[in-house]
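Numbering (the numbering used here) for the sequence shown: 1 to 609. Ideal placement from N, C-alpha and C gives every residue a C-beta, glycine not left out. Each remark here refers to the structure printed beneath this line.
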Amino acid sequence: MCGIIGYTGQLESITILLEGLKALEYRGYDSAGISFFHNNQIQTVKTTGKVSELERNVIETHRQDLSSTCGIGHTRWATHGGVTDINSHPHTFGNVTLIHNGIIENYHQIELEFATMGKYPRSQTDSEIAAMLIDHLYQGNPTEAIKKAVKRLEGSYAFCILFHDQPDVIYSIRLGSPLVACHNSQGSFIASDLVALLPYSKDYFVLPEYHIAKLTKSEIIVTDFDGTIISPKMLHVNWDIRSAQKNGYPHFMLKEIYEQPTSLHSTLIPRLNQDFLPDLTMDHIPNRIFDSINRIIIVACGTAMHAGLVGKILMERLLRIPVTVELASEFRYQDPILCDNSLVITISQSGETADTLAALRLAKEKSSTTLSIVNVKGSSIARESDYVLYTHAGPEIAVASTKAYTAQLACLYLLTYHFALYKERVTIKECQEAMKNFSAILPAIQKTLELENEIKEISQNIIKTKDVFFIGRGLDYALSCEGSLKLKEISYIHSEAYAAGELKHGTLSLITDGVPVIALATQSHVYPKMISNIREVRARGARIIIISNGDFPMENSIYDYRISLPMVDDFLAPFTAAVTLQLLAYYTSLYLGIDMDQPRNLAKSVTVE
Ligand code: M6R
1 MCGIIGYTGQ LESITILLEG LKALEYRGYD SAGISFFHNN QIQTVKTTGK
51 VSELERNVIE THRQDLSSTC GIGHTRWATH GGVTDINSHP HTFGNVTLIH
101 NGIIENYHQI ELEFATMGKY PRSQTDSEIA AMLIDHLYQG NPTEAIKKAV
151 KRLEGSYAFC ILFHDQPDVI YSIRLGSPLV ACHNSQGSFI ASDLVALLPY
201 SKDYFVLPEY HIAKLTKSEI IVTDFDGTII SPKMLHVNWD IRSAQKNGYP
251 HFMLKEIYEQ PTSLHSTLIP RLNQDFLPDL TMDHIPNRIF DSINRIIIVA
301 CGTAMHAGLV GKILMERLLR IPVTVELASE FRYQDPILCD NSLVITISQS
351 GETADTLAAL RLAKEKSSTT LSIVNVKGSS IARESDYVLY THAGPEIAVA
401 STKAYTAQLA CLYLLTYHFA LYKERVTIKE CQEAMKNFSA ILPAIQKTLE
451 LENEIKEISQ NIIKTKDVFF IGRGLDYALS CEGSLKLKEI SYIHSEAYAA
501 GELKHGTLSL ITDGVPVIAL ATQSHVYPKM ISNIREVRAR GARIIIISNG
551 DFPMENSIYD YRISLPMVDD FLAPFTAAVT LQLLAYYTSL YLGIDMDQPR
601 NLAKSVTVE
């Protein structure tokens with residue numbers, strides 16, 4: 001989605017803006033632009049295409065003089081209006097230059113009013129209307145104009161605004177879309193995403209919704225709508241700036257796949273106590289919340305929802321409590337049955353996914369206990385949930401989620417065992433045994449990464465195909481859903497995941513000579529069933545790629561390729577299988593010449609509906 005960066009201070013702002021936009025590129029965008037004060041005048045450069053294109057334009061346009069110490073920058077992901085230079089941000093009308101993330105839902109109505117007045121040209125975008133509205137209401141007091149304007153706006157927004165007669169000052173406000181800010185001896189910074197602030201500070205605050213931030217070179221003042229100055233809660237992140245850089249890897253996705261032994265170490269090890277039992281003390285999750293829970297609803301989108309599918313199987317098996325997994329975009333409009341004995345678990349890497357956030361708010365309205373599993377500290381979902389389990393996976397830059405997914409799984413395992421121990425569904429000894437097995441997953445993942453060459457060969461083998469099918473049972477079906485999503489989102493090859501037992505109810509008709517079927521066979525209790533399903537597709541000519549947990553004996557006539565993963569407890573096979581499927585998707589995309597870090601039409605963080 002769109003990215004925002006703003007800076008005012010002692011340093012050269014144009015460089016900071018361009019570097020900030022580069023750091024935000026991973027979010028997905030189609031055009032970029034900056035505005036900055038130069039000799040008290042606002043200059044704007046914007047273009048469709050990449051930030052590198054914008055940088056070239058900036059150098060060409062301002063070759064002589066690049067000096068500025070205050071400006072705002074934006075990467076746009078088109079929602080209203082085509083991908084054109086004009087529709088790129090910043091937008092300037094009258095006294096106002098503005099950048100916007102989010103969607104203004106009632107913009108058309110406001111546009112009609114302006115059309116009647118004949119004051120402004122017709123517009124294609126909601127963001128232009130916001131700029132017009134603020135300019136229209138501006139009578140020398142920026143805060144008043146902003147307050148009046150946002151009272152008229154419906155939808156979500158994060159704005160950074162320059163007023164032409166207020167040099168070197170940036171005004172910001174947000175509702176529904178994220179903005180984080182920090183001030184240090186170099187000046188004041190604001191961005192839609194922490195990643196853009198990392199080079200300058202690890203201490204930051206989230207701008208509270210419906211509050212106005214005034215950024216000057218010497219301070220950031222945050223006021224509520226009554227004009228009262230508030231001190232937002234400062235947060236600290238221990239993300240290393242290098243964790244947001246490629247560090248010698250050709251792509252962020254590959255780097256993030258390879259980081260998993262380390263990222264899982266951060267998720268897991270600090271949460272095991274000296275007796276090798278799960279310990280959620282650092283997360284401040286009190287045991288009493290489990291006392292009355294008789295139903296769990298997991299709500300999320302995309303990969304995070306697939307982590308929920310794994311969580312459901314674990315929780316139901318161990319806790320014997322009914323668990324449903326819901327797509328947030330559906331859940332929020334289904335009038336779900338929730339009550340105060342329901343625990344709603346939202347899962348989100350970014351913590352800003354609009355549908356998941358809306359689902360969380362709905363759950364809270366209906367008095368359910370809410371717990372979120374989130375990667376980004378201080379994000380909206382984390383802040384609004386009753387309880388948070390941070391995944392501690394470090395920044396995830398590639399659009400395709402990898403290390404965040406396995407960290408989400410790890411949190412679900414920890415939570416399930418913690419809950420099960422408290423409810424005496426498992427004994428201390430069983431839990432210790434499970435946690436020992438769990439920590440052995442780190443070397444097992446390392447070994448899985450060593451299977452890279454075998455996986456590359458399979459990728460080579462599927463690049464020419466139009467369709468790929470993933471099949472599995474139980475946890476393997478949950479993994480198939482994720483494997484299929486990963487492959488299609490970055491290789492653009494059509495793929496489907498099926499519960500292996502469902503094949504004969506329709507899917508078998510799609511299996512013809514040479515169609516690749518990736519069969520996950522890691523669950524011993526359904527292993528014979530799975531082998532029968534593999535035979536069914538084999539008999540229809542499918543090219544079979546089997547992924548098994550260890551070296552189960554199996555006739556080699558039933559497969560073309562086989563990946564034998566390091567043997568782990570069945571319950572933990574999703575970790576090693578996930579890494580394999582991530583590598584498979586990565587290399588398939590690589591061999592097809594696709595930019596897997598930023599696949600077409602997709603954004604890292606989906607902050608609009
Ligand atoms: O930030 P979130 O975890 O809430 O994002 C949810 C999905 O948009 C995300 O997992 C998406 O499906 C990934 N790009 C898949 O790799």
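- Within the chosen limit of 8 Å, the ligand M6R reaches the beta carbon of T356 through at least one heavy atom.
- Ranked by Cα distance from V299, the options T79, D168, S372 are led by S372.
- Residue environment: E128 is assigned as buried (16 or more neighbouring CB atoms within 10 Å of its CB, all protein chains considered).
- Annotation for P574: the continuous alpha helix (DSSP H) segment containing it runs 573-591.
- In the structure shown, the three-state DSSP call for N461 is helix.
- In this structure, DSSP gives Y249 a state outside helix and strand, which the three-state scheme calls coil.
- Shown here, K214 sits in a strand according to DSSP, grouped into three states.
- Per DSSP, the beta-bridge partners of D467 are H494.
- In the DSSP assignment, V376 falls outside any alpha helix (DSSP H), carrying neither H nor E.
- Take the alpha-carbon of P443 and the one of L572: they are about 13 Å apart.
- Rounded to the nearest whole angstrom, the CA to CA distance from M132 to T228 is 27 Å.
- Cβ neighbours of R473 within its own chain (closer than 7 Å, five residues either side excluded): A499, A500, G501, Q523, V526, K529, M530.
- By the beta-carbon neighbour count (other beta carbons within 10 angstroms, threshold 16), P553 is exposed.
- DSSP places Q349 in no alpha helix (DSSP H); its state is neither H nor E.
- The beta carbon of Q598 sits no closer than 8 Å to any heavy atom of the ligand M6R.
- Three or more beta-carbon pairs separated by less than 8 Å are not found between the stretch 316-324 and the stretch 346-355, which leaves the two stretches without contact.
- Burial check for G6: the Cβ neighbour count within 10 Å reaches 16 or more, so the residue is buried.
- By the C-beta criterion, the stretch 360-367 is judged not to be in contact with the stretch 209-217, since fewer than 3 inter-stretch pairs fall below 8 Å.
- Remark: the C-beta of T353 is in contact range of the ligand M6R, defined as less than 8 Å to any heavy atom.
- Here the C-alpha atom of L487 lies approximately 28 Å from the C-alpha atom of V323.
- In summary, C339 is exposed, with fewer than 16 beta-carbon neighbours lying within 10 Å of its beta-carbon over all protein chains present.
- Judged by beta-carbon spacing, I173 lies within the 9 Å limit of L207, meaning their Cβ atoms are closer than that value.
- The alpha-carbon of H183 is positioned some 7 Å away from that of I220.
- With fewer than three CB-CB distances shorter than 8 Å, the stretch 107-126 does not count as touching the stretch 52-60.
- Three or more Cβ pairs drawn from the stretch 135-142 and the stretch 95-104 lie within less than 8 Å of each other, which places the two stretches in contact.
- Taken through DSSP and simplified to helix, strand or coil, V426 comes out as coil.
- DSSP places F114 inside the alpha helix (DSSP H), whose first and last residues are 107-117.
- Taking every protein chain shown into account, the CB of G483 has 16 or more other CB atoms within 10 angstroms, so this residue is buried.
- Looking at R27, L21, Y561, H392, the one whose alpha-carbon comes closest to that of G33 is L21.
- Rounded to the nearest angstrom, the gap between the Cα atoms of A196 and F189 is 9 Å.
- Taking every protein chain shown into account, the CB of N101 has 16 or more other CB atoms within 10 angstroms, so this residue is buried.
- Restricted to the stretch 277-356, the alpha helix (DSSP H) segments that are unbroken, complete and at least 4 residues in length are 302-319, 328-331, listed in chain order.
- Distance from H164 to I42 at the Cβ level is roughly 6 Å; contact confirmed, criterion being Cβ atoms closer than 8 Å.
- At least one heavy atom of the ligand M6R falls within 8 Å of the beta-carbon of V606.
- Here the distance from the Cβ of L479 to the nearest heavy atom of the ligand M6R is not below 8 Å.
- Here S350 has V376, S605 as same chain residues with Cβ atoms under 6 Å from its own Cβ, once five neighbours each way along the sequence are excluded.
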